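One structure is given here, and the rest of the page talks about it.
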Amino acid sequence: MHESLLAYRRKRFLWIAVALVLICVLAYALQDDAEPHDGGTWLGYTLGGIGAALILWLAALGLRKRSYRSTLGSLQGWVSAHVYLGLALLVIVTLHTGFQFGWNVHTLAYVLMCLVIASGVVGVVLYVRYPRELSANRASLTRAQLTGQLAEIDARSLRVAGRLPPEYRDLAQSARDRTRLGDGVLALLRGADRSQVLLPGAAGGGASIVMNPGQRAVIDFLSERLSRSSDGAQTQALTELMSLAAARRVLLEQLRRDAQLKAWLQIWLYVHVPVTFGLLAALIAHVLSVFLYW
Amino acid sequence: MRALIRFVGRGPGGAALQRDRIFDGEVITLGRATDQVINLKDRRVELEHARIVRVGGRFLVSSRALTGVLVNGTVRRDAPLAVGDALQIGANVLKLIAPPAGFDLAFTFELDNSVDTRAVEAPALLLTLAEVGARMQPWAWALSIAVLVGALLVPWLSSPQSGAPLPTRPTVLPSDHAWQSGPLHTAHANLSAKCESCHERPFARVTDQACLTCHAASLHRHAPPDNRQLPVLAMTHCASCHREHDEPSTLVRNDEQVCVSCHANPQHPARSGPVADFLRQHPAFAAARIRDESHVKFPHDVHLNPNGIKTTTGNEVMTCAGCHEPQAGGARFQAISMQRHCQRCHSLSFDPRAPERNVPHASPEIVLESLLEYYSSEYLQGYPDALNTARPVRKVARPGVDLSAAQRARVLARARAQAEITARDLLERRACVVCHDVQRGKAASTWTVTPVSLRAVWMPKARFSHAAHATSLTPCKSCHAAQKSRHATDMLMPPIESCRACHAGPHSAASTQIASSCTSCHDFHSTQYPLWQAGPERAASTAKARQR
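Protein chains in written order, with this note's numbering: chain A, 1 to 294; chain B, 295 to 842.
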């Protein structure tokens, strides 16, 4: 039975995080009223120490993830704790700041931490939403199987086109060559289809490159030619070619959606991980600068 | 232009194959990208490798690609084209042929089989972020290095402690200003560009000496160096109480702990007793226990009679403010003065025939002296009738008549006798004794008046501003029971309960009370204990104290 990382061990780490936050909030609330509640008080130092230790431990998930031989708790447990303690970190460090912000390295570290936590929250939301959709879209096929099918359809299209005048072979070849999938980060995330095709011109006319989203240009061209075809063998081949183009279209949509979902499952990490390194640098600057000018 | 592109190749089985394609357009683009007019499936070819354009009547090939184009065997970036020329890009060969009728340009296109064709492949599908070139490591490196340089290295190099400071401090570039956790108090605004004036050494706390650089001279009032030093306070630093870079900006910590940490368990409990909170644990005001020693007779109740008090111009209702005039700033009051506040009614005149003449408000000797001067002058001018009447009569001396020495002596003896009578009357019955404590001296016609010492400040260790408390809800009588006071020795300073009606400690204050910490009223040890070495002055004053 699959257990979500949020529900891991009956949300054990949720309760640990809630307890930690409650203790910190209580200690903060009971602090002497008149003293500024910033990082300079004994409680401020304590909260800062807890925060820094949490940041280092949360960042260590990247190491734990790569050490397959580690017996230091299951990776799922680590991720579950990572999520809940990461959220607790936001509260603890906000108390550490005493709600004093400014244009300084200390607030820089806080802002970077907020960015990391916000991107992490986005990641959790995506992890909860998309994997189900991902497997539904793939219909229990692997990506290699999908691309294999595509290659097979391409090969068959070329063979069928070989039975037709050369312009159809060009068409099939061009539709295959000019199919775009994974056309940059944005196109991947948007699921944009910027495929093109070189359509043969009308009799005597020049060929032209046209946009071919969803293979529509190819299918329209073939159906137009099919409607005018009177030769039995040619009609047979055109019909075959068209059904292959339609199959190709479905397969490409499936692949594109798969790539899109996969990209969304990863894109937050492109903020989360680099900003984490920025945060570690800012944490060093924060701690060092406080004690450099004690 | 209209171009004929003739693809030449080998079909299945090795048969020669030739296909023509017609192109209409301005530019023939060649490259590996799928939007190129001629799509070259060869990894050695760049995405947009070359283009053929018509300039005037001629055709030019141009390429910005690293490998360029081979035109008739030589690498070219720009070259004019003529029939018979051969272009080679990777394994692809274009040969210009004479254009048939209706075409501007014609060329054959074929793969050169002698060139390694293993590089010729269908483009792979790019399905992941990594495959389309998204990388985390460069961003991680760039961000962490930028943070370390901008937030740590450059600020450190901008500090004079680094040896040769970078001049980034007054600019928008990063400097050690970025390390400030909060703004400096405006009192220290002159130091805002000089972190090192307080933060003298890296990784060392701000020392008391750093504060004394500026504050040595003014420290005596704050912590006089010639007083006893409590060992427990020797552990205290300037920075124990004075915090900078806090928000809201303040110079002194205003939490109770700053005082209560010692005063909850004082070393000399007899002196003050434990203090923890203004409402719950604070000694009664010392002013309520001491006696008024001003040696002046003044019944507040008579003067503040709501029906008024008899004056030379009829009944007059007096108010507190009539005598107690605030000082500039409003914290305290100006000194009470006989001339300004009392003398309008309490006249020092002595001669009913000359009511405008007053004796000075001065010592008995001077009073007697001024009376003697007055009567001597009067009698000498009034001679001889003055000698014959019971009371001196003012008369102008006849011109040209001089007194003999014997006559003068008699007149002056009479004037002295009259001056002494009047002085006794003033001092002992009519004027001075009304307010003052007057005693007759042993010698004849001598008196002593106990000097008056009006206290300006009854609670020297507390700060209190009358102006800040002057509201319609709190008239003078709400704290000072002056209207019922019959004697000047009555203590009119309010007891602690008066203050507690509105003020309480930060922890004990109800929602309708004002949360007041120690520093709301008290300065630190303003007359008690020294904490800091104040340089040479300190050594000199302790030496003086030892001599005493």
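In this text, a Cβ means the ideal position worked out from N, Cα and C, and glycines have one as well.
Here the structure is a predicted model, which means the values were calculated and not measured.
Same chain only: Cβ atoms within 7 Å of residue i, ignoring 5 sequence neighbours per side
i         : result
A:Arg-257 : Asn-137, Gly-191
A:Ala-17  : Tyr-84, Leu-85, Leu-87, Ala-88
B:His-797 : Phe-572, Gln-807, Ile-808, Ser-810
B:Trp-472 : Before going further, note that residue 472 of chain B is Ala rather than Trp in the sequence given. Hits under 7 Å: Ala-445, Pro-449.
B:Gly-616 : none
B:Leu-720 : Phe-644, Val-653, Val-661, Cys-726
B:Gly-624 : Ser-759, His-760, Ala-761
Cβ distance (whole Å) where residue i is taken to contact residue j below 8 Å
i         : j         : result
A:His-82  : A:Leu-58  : 6 Å
B:Ala-240 : B:Asp-502 : Chain B is shown from 295 up to 842; residue 240 of chain B falls before or after that span and cannot be answered.
B:Met-295 : A:Tyr-270 : In fact, because the Cβ distance is near 45 Å, the residues do not count as touching under 8 Å.
A:Gln-31  : A:Leu-20  : Not a contact, Cβ separation roughly 17 Å.
A:Val-218 : A:Leu-171 : 7 Å
A:Leu-222 : A:Ala-247 : That belief does not hold up - the Cβ atoms of A:Leu-222 and A:Ala-247 are roughly 13 Å apart, past 8 Å.
B:Leu-364 : B:Ala-385 : About 11 Å; that fails the 8 Å criterion.
A:Asn-104 : B:Gln-474 : 6 Å
A:Leu-181 : A:Arg-169 : Their Cβ separation, rounded to whole angstroms, is 22 Å, which puts A:Leu-181 and A:Arg-169 out of contact at 8 Å.
B:His-493 : A:Tyr-293 : 4 Å
B:Ala-434 : A:Pro-274 : 4 Å
B:Leu-442 : A:Ala-285 : 7 Å
B:Gln-628 : B:Gln-621 : 6 Å
Contacts around residue i, its chain only, beta-carbon distance under 8 Å, and the 5 residues preceding and following it disregarded
i         : result
B:His-730 : His-589, Val-590, Lys-591, Val-743, Thr-744, Val-746
A:Gly-39  : Tyr-45, Leu-47, Gly-48, His-96, Thr-97, Gly-98, His-106, Val-290
Cβ-based neighbour list, residue i, same chain, cut-off 6 Å, excluding 5 preceding and 5 following
i         : result
B:Cys-815 : Ala-756, Arg-757
B:Arg-522 : Because B:Arg-522 sits at a pLDDT of 44, beneath the cut-off of 50, its placement in the model cannot be relied upon, and the following sentence gives the value as read from the coordinates. Hits under 6 Å: none found.
B:His-594 : Ala-776, Ser-779
B:Thr-716 : Phe-644, Leu-665
A:Arg-249 : Gly-214, Gln-215
B:Arg-348 : Met-295
A:His-37  : Gln-31, Gly-98
Endpoints, the alpha helix (DSSP H) within which residue i is located
i         : result
A:Lys-11  : 8-29
A:Tyr-291 : In the sequence on display, residue 291 of chain A carries Phe and not Tyr. 269-292 is the span of the alpha helix (DSSP H), which, as asked, contains A:Phe-291.
B:Thr-813 : 812-815
B:Leu-331 : What sits at residue 331 of chain B in the sequence shown is Val, not Leu. Looking at the DSSP string, B:Val-331 is not in any alpha helix (DSSP H), and its letter there is neither H nor E.
B:Asp-502 : 502-509
B:Val-552 : 551-557
A:Val-79  : 75-97
B:Arg-794 : 790-794
A:Leu-43  : 42-59
Closer than 9 Å at the beta carbon, the chain B residues around residue i
i         : result
A:Tyr-168 : Under the 9 Å cutoff, chain B gives no residues; its nearest Cβ is about 11 Å from A:Tyr-168.
A:Asn-137 : Simply none; closest approach about 13 Å.
A:Lys-262 : Leu-421, Thr-422, Leu-423
Where residue i meets chain A, residues with beta-carbon distance less than 8 Å
i         : result
B:Met-430 : Leu-269, Tyr-270, Val-273, Pro-274
B:Ala-441 : Correcting the residue identity first, residue 441 of chain B is Val in this sequence and not Ala. Correct list: Leu-108, Leu-112, Gly-278, Ala-281, Ala-282, Ala-285.
B:Cys-489 : Tyr-293
B:Phe-497 : Phe-291, Leu-292, Trp-294
Unbroken beta strand (DSSP E) run spanning residue i, endpoints
i         : result
B:Glu-404 : 399-405
B:Ile-276 : As shown, chain B starts at 295 and ends at 842. That puts residue 276 of chain B outside it, with no answer to give.
B:Pro-374 : 372-375
B:Gly-303 : 296-304
B:Thr-323 : 321-325
B:Asp-318 : 310-318
B:Asn-386 : 386-391
A:Gln-196 : 196-199
B:Phe-353 : 352-357
A:Ser-208 : 208-211
B:Ala-344 : 344-349
Chain A residues whose Cβ lies nearer than 7 Å to that of residue i
i         : result
B:Ala-558 : The premise fails here: B:Ala-558 is roughly 13 Å from chain A at the closest Cβ pair, so nothing lies under 7 Å.
B:Asp-318 : Gly-206
B:Leu-598 : Residues of chain A passing the Cβ test: none, with the nearest at roughly 40 Å.
Cβ of residue i within 9 Å of any chain C Cβ
i         : result
B:His-493 : Of the protein chains in the structure, A and B, none is chain C.
Under 8 Å by beta carbon: chain B residues contacting residue i
i         : result
A:Ile-209 : Asp-329, Val-331
A:Val-298 : Chain A is shown from 1 up to 294; residue 298 of chain A falls before or after that span and cannot be answered.
A:Gln-234 : What A:Gln-234 touches in chain B: nothing, since even the nearest Cβ is about 18 Å away.
9 Å Cβ cut-off: residues of chain A touching residue i
i         : result
B:Gln-807 : The premise fails here: B:Gln-807 is roughly 14 Å from chain A at the closest Cβ pair, so nothing lies under 9 Å.
Go through the stretch 599-683 of chain B residue by residue and report every complete run of the alpha helix (DSSP H) that reaches 4 residues or more, in order.
-> 614-617, 658-676, 679-682
Counting only runs that start and end within the stretch 708-765 of chain B, where is the alpha helix (DSSP H) found for 4 or more residues in a row?
-> 726-729, 760-763
What runs of the alpha helix (DSSP H), each 4 residues or longer, lie entirely inside the stretch 416-503 of chain B?
-> 431-442, 448-452
Secondary structure, alpha helix (DSSP H): runs of 4+ residues fully inside the stretch 110-172 of chain A | 143-161
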